[in-house]
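Remarks on the structure that follows.
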């Protein structure tokens with residue numbers, strides 16, 4: 001009885017964590033695919049070139065992995081096909097543990113994306129988390145004979161329902177935007193404010209004199225002390241946004257982006273940009289002429305690519321360059337739209353849901 005209770009606790013902990021992790025990523029499959037592409041880039045360079053051939057299907061792989069995470073977690077808790085579930089979880093956690101160790105040891109991918117953008121873990125924290133899961137799943141593996149031989153009535157139906165629901169939610173999130181936005185550019189955020197520390201940054205200074213190590217809150221004036229390192233005492237005060245910049249050949253236009261009423265047309269990759277709804281975006285740009293709302297193109301592309309797009313669409317607007325990672329963080333749509341008022345994010349739109357000019361004006365002129 002004690003053993004069964006112990007195994008039930010492990011099943012609940014492991015299954016619950018897989019469900020939580022999977023649902024966080026079902027919320028944002030595009031973000032999962034971006035992280036997966038980072039791993040594939042690293043593996044294609046460091047391990048084998050064939051990994052690069054998987055990049056075009058990173059989104060499909062991402063959806064498959066996150067749905068499997070949720071379903072296996074449910075199966076483990078409900079006791080559905082226990083032997084298969086434990087084997088599948090063992091293979092999955094071995095794979096994840098390898099990924100996180102490789103990232104941590106070789107400092108390749110600085111955020112594993114284990115919990116999407118909801119909970120940020122350092123590479124070593126991710127590895128230790130997977131190591132604990134590996135031990136727990138190993139216990140289940142060793143005691144497979146004591147796991148449920150059959151599942152409760154209706155458990156298989158619940159599992160199938162979870163499979164279908166998870167897949168549908170993932171597809172809806174891809175075709176629209178994440179249901180919950182955990183990123184620093186979510187609606188309601190003031191971007192320029194998030195680019196500033198929340199409070200004055202405080203540092204401690206590690207100094208050395210002979211074999212004696214001393215720590216100071218202020219940099220000491222004693223010239224006999226040798227500087228060792230400087231450590232931030234309140235990292236929670238660091239700016240939530242540290243890499244935003246917008247520019248073109250004329251200079252930096254970051255401040256201009258945060259001035260007045262803006263509709264940003266965001267493009268993270270010209271070659272992969274969807275053209276399905278460019279017509280609606282054309283109509284929006286045209287209808288905003290003469291209004292108090294300024295459309296701005298912000299693209300992770302060369303000036304030549306931007307000029308070609310502007311000419312092809314007949315757009316007459318401010319066009320700026322930006323970093324691809326920043327644009328992908330701002331919106332999970334290529335292209336996508338973001339409505340700003342003095343740097344505050346009022347709305348974000350997937351290109352599938354391009355708004356009409358009246359809706360944007362009403363949102364800004366309140």
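Numbering (UniProt numbering), first residue to last: 1 to 366. Glycine is no exception: its CB is placed at the ideal position from the N, C-alpha and C atoms.
Cα-Cα separation between residue i and residue j, rounded to whole angstroms
i: residue 15; j: residue 76; result: 6 Å
i: residue 194; j: residue 183; result: 11 Å
i: residue 267; j: residue 93; result: 35 Å
i: residue 336; j: residue 343; result: 17 Å
i: residue 78; j: residue 64; result: 21 Å
i: residue 317; j: residue 88; result: 52 Å
i: residue 288; j: residue 356; result: 9 Å
i: residue 303; j: residue 248; result: 7 Å
i: residue 17; j: residue 119; result: 13 Å
i: residue 186; j: residue 153; result: 42 Å
i: residue 262; j: residue 296; result: 7 Å
i: residue 181; j: residue 331; result: 9 Å
i: residue 238; j: residue 147; result: 47 Å
i: residue 277; j: residue 40; result: 30 Å
i: residue 213; j: residue 226; result: 9 Å
i: residue 275; j: residue 31; result: 21 Å
i: residue 196; j: residue 145; result: 56 Å
i: residue 101; j: residue 253; result: 40 Å
i: residue 56; j: residue 273; result: 14 Å
i: residue 307; j: residue 282; result: 15 Å
i: residue 9; j: residue 21; result: 18 Å
i: residue 301; j: residue 269; result: 7 Å
i: residue 143; j: residue 23; result: 28 Å
i: residue 174; j: residue 36; result: 15 Å
i: residue 285; j: residue 95; result: 47 Å
i: residue 360; j: residue 309; result: 23 Å
i: residue 265; j: residue 190; result: 18 Å
i: residue 123; j: residue 329; result: 20 Å
i: residue 291; j: residue 207; result: 59 Å
i: residue 347; j: residue 358; result: 14 Å
i: residue 242; j: residue 351; result: 26 Å
i: residue 38; j: residue 109; result: 7 Å
C-beta atoms of residue i and residue j nearer than 8 Å
i: residue 70; j: residue 26; result: yes
i: residue 364; j: residue 326; result: no
i: residue 131; j: residue 97; result: yes
i: residue 299; j: residue 280; result: no
i: residue 156; j: residue 80; result: yes
i: residue 13; j: residue 91; result: no
i: residue 85; j: residue 99; result: no
i: residue 221; j: residue 209; result: no
i: residue 177; j: residue 333; result: yes
i: residue 345; j: residue 188; result: yes
i: residue 169; j: residue 11; result: no
i: residue 159; j: residue 74; result: yes
i: residue 29; j: residue 7; result: no
i: residue 323; j: residue 245; result: yes
i: residue 205; j: residue 215; result: yes
Where residue i falls: helix, strand or coil (DSSP)
i: residue 62; result: helix
i: residue 321; result: strand
i: residue 46; result: helix
i: residue 347; result: strand
i: residue 137; result: helix
i: residue 196; result: coil
i: residue 339; result: strand
i: residue 191; result: helix
i: residue 333; result: coil
i: residue 35; result: helix
i: residue 119; result: strand
i: residue 297; result: strand
i: residue 206; result: strand
i: residue 363; result: helix
i: residue 29; result: helix
i: residue 176; result: coil
i: residue 146; result: helix
i: residue 53; result: helix
i: residue 315; result: coil
i: residue 81; result: coil
i: residue 288; result: coil
i: residue 159; result: helix
i: residue 88; result: helix
i: residue 128; result: helix
i: residue 100; result: helix
i: residue 185; result: coil
i: residue 107; result: coil
i: residue 151; result: coil
i: residue 302; result: coil
i: residue 165; result: helix
i: residue 211; result: coil
With three or more beta-carbon pairs closer than 8 Å as the criterion, would you say the region 248-259 touches the region 228-235? Taking 8 Å as the limit for Cβ pairs, the verdict is that the region 228-235 does not touch the region 248-259.
Should the region 120-131 be regarded as contacting the region 97-107, the criterion being three or more beta carbon pairs within less than 8 Å? Yes: at least three Cβ pairs fall under 8 Å.
Runs of alpha helix (DSSP H) wholly within the region 213-282 (minimum 4 residues, chain order): Fully enclosed alpha helix (DSSP H) runs of 4 or longer: 254-257.
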